[in-house]
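Q:
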Amino acid sequence: MGNPGAGKSAILNVLGGDFFSGFSAIKGRPGTKTDIVDFRNRTVALIDTPGIMDSGTEGTISRNLQLLQDNLNGCGEALLFFVIKPESGRISAGDYSVLKLLLTNLTRTPRIGLFVTKVASDDMEQLDTAYRDGFVKMLHEAEVDTTHLEKNSWCVLQHHEKKVGFSDEEKERIRDYVSSFAPAKVEVQELRLSLFQRILEFFRKIFS
Numbered sequence: 001m002g003n004p005g006a007g008k009s010a011i012l013n014v015l016g017g018d019f020f021s022g023f024s025a026i027k028g029r030p031g032t033k034t035d036i037v038d039f040r041n042r043t044v045a046l047i048d049t050p051g052i053m054d055s056g057t058e059g060t061i062s063r064n065l066q067l068l069q070d071n072l073n074g075c076g077e078a079l080l081f082f083v084i085k086p087e088s089g090r091i092s093a094g095d096y097s098v099l100k101l102l103l104t105n106l107t108r109t110p111r112i113g114l115f116v117t118k119v120a121s122d123d124m125e126q127l128d129t130a131y132r133d134g135f136v137k138m139l140h141e142a143e144v145d146t147t148h149l150e151k152n153s154w155c156v157l158q159h160h161e162k163k164v165g166f167s168d169e170e171k172e173r174i175r176d177y178v179s180s181f182a183p184a185k186v187e188v189q190e191l192r193l194s195l196f197q198r199i200l201e202f203f204r205k206i207f208s
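Using my numbering, the letters of the sequence shown map in sequence onto residues 1 to 208.
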């Protein structure tokens, strides 16, 4: 889960998927894609959802929220991972907003893993446990139930040119990180566009 361009598809490909971003500057990504793969002696379904704010139009955001809701409620037990791409070393209002919307409306959920991607080499050391704790604190101060995030480390991945991709060490780190989580039942209430817009406005005011 996450916003466009964060690297969701690339991470799923490390787990055995065969995904591409499929982004259109006009309509955004057209929908979800599922691959059934063998991952560490288990058969799993990898679900690649579109970035929530693809193209930024109300219709596209509403569609993507509905796709995410349908997939979460239809998958039974699952592992959930949120992918963040910092902008100039900072986590965006859009990422905070999507996470708040999800955590507010998830009625049943496993622990949620966090990937931080496309990080500049100079910023790698800064995204340590203290930075992660500050990120969770920001959500908590915005009246978000952070129970399913607080005890989780996050997986920080350095920026690479698209043709280079993840190193072998990073690929193994991604697989180990995913394997450290246990699947659980997922249920989510209605993910409404109007609520998302109010949350986004709230975080934009904080960050302005």
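Beta carbons are placed, not taken as given, at the ideal position from N, Cα and C, and that holds for glycine.
1. Measure how close the beta-carbons of residue 49 and residue 65 come, nearest whole angstrom, since I'm counting them as under 8 Å.
2. Cβ atoms of residue 99 and residue 72: under 9 Å apart, would you say?
3. Give the single residue among 82, 4, 146 and 76 whose Cα lies nearest to the Cα of residue 31.
4. Name the one or two DSSP bridge partners that residue 185 has.
5. Expressed to the nearest angstrom, what Euclidean distance is found between the alpha-carbon atoms of residue 185 and residue 78?
6. Measure the alpha-carbon distance for residue 45 versus residue 75 and round it to whole angstroms.
7. Check whether the stretch 106 to 123 touches the stretch 34 to 41, counting contact only when three or more Cβ pairs, one atom from each stretch, lie closer than 8 Å.
8. Just verifying my parser: in three-state terms, what is the DSSP assignment at residue 106?
9. Applying the criterion that 16 or more other CB atoms from any shown protein chain within 10 Å of the CB defines a buried residue, is residue 2 buried or exposed?
10. For residue 173, which of helix, strand or coil comes out of DSSP?
11. Would you say the beta carbon of residue 57 is closer than 8 Å to some non-hydrogen atom of the ligand FMN?
12. Determine the burial state of residue 28: buried for a count of at least 16 other Cβ atoms within 10 Å of its Cβ, exposed for fewer.
13. Would you list the one or two residues that DSSP bridges to residue 43?
14. Short check: CB of residue 112 to CB of residue 80, under 9 Å?
15. Using a Cβ-Cβ cutoff of less than 6 Å, which residues in the same chain neighbour residue 89 once the five nearest sequence positions on both sides are dropped?
16. Please name the residue, chosen from 104, 178, 169 and 132, that lies closest to residue 196 on a Cα-to-Cα basis.
17. If I measure Cβ to Cβ from residue 187 and keep anything under 6 Å in the same chain, skipping five residues before and after, which residues do I get?
A: Reading from the atomic positions:
1. Contact between residue 49 and residue 65 fails: their C-beta atoms lie close to 10 Å from each other, not under 8 Å.
2. Not in contact: residue 72 and residue 99 (Cβ atoms no closer than 9 Å).
3. Nearest option by C-alpha distance: 4.
4. Answer by DSSP bridge pairing, in chain order: 77.
5. Taking the straight line joining both Cα atoms gives about 6 Å.
6. So the two alpha carbons sit approximately 9 Å from each other.
7. A contact between stretches requires three or more CB pairs, one per stretch, nearer than 8 Å, and the stretch 106 to 123 fails this requirement with the stretch 34 to 41.
8. Shown here, residue 106 sits in a strand according to DSSP, grouped into three states.
9. Classification of residue 2: buried, given that the 10 Å Cβ count is 16 or more.
10. If DSSP states are grouped into helix, strand and coil, residue 173 belongs with the helices.
11. This structure does not include the ligand FMN; it has no bound ligands of any sort.
12. With a pLDDT of only 48 at residue 28, under the threshold of 50, the placement of this residue in the model should not be trusted; the figure read from the coordinates follows. Burial call: buried.
13. Residue pairing for residue 43: DSSP places it in a beta bridge opposite 38.
14. Yes, the Cβ-Cβ distance between residue 112 and residue 80 is below 9 Å.
15. Cβ neighbours of residue 89 beyond the five flanking positions: 123.
16. Closest option to residue 196, Cα to Cα, is 104.
17. Here the set comprises 107 and 108.
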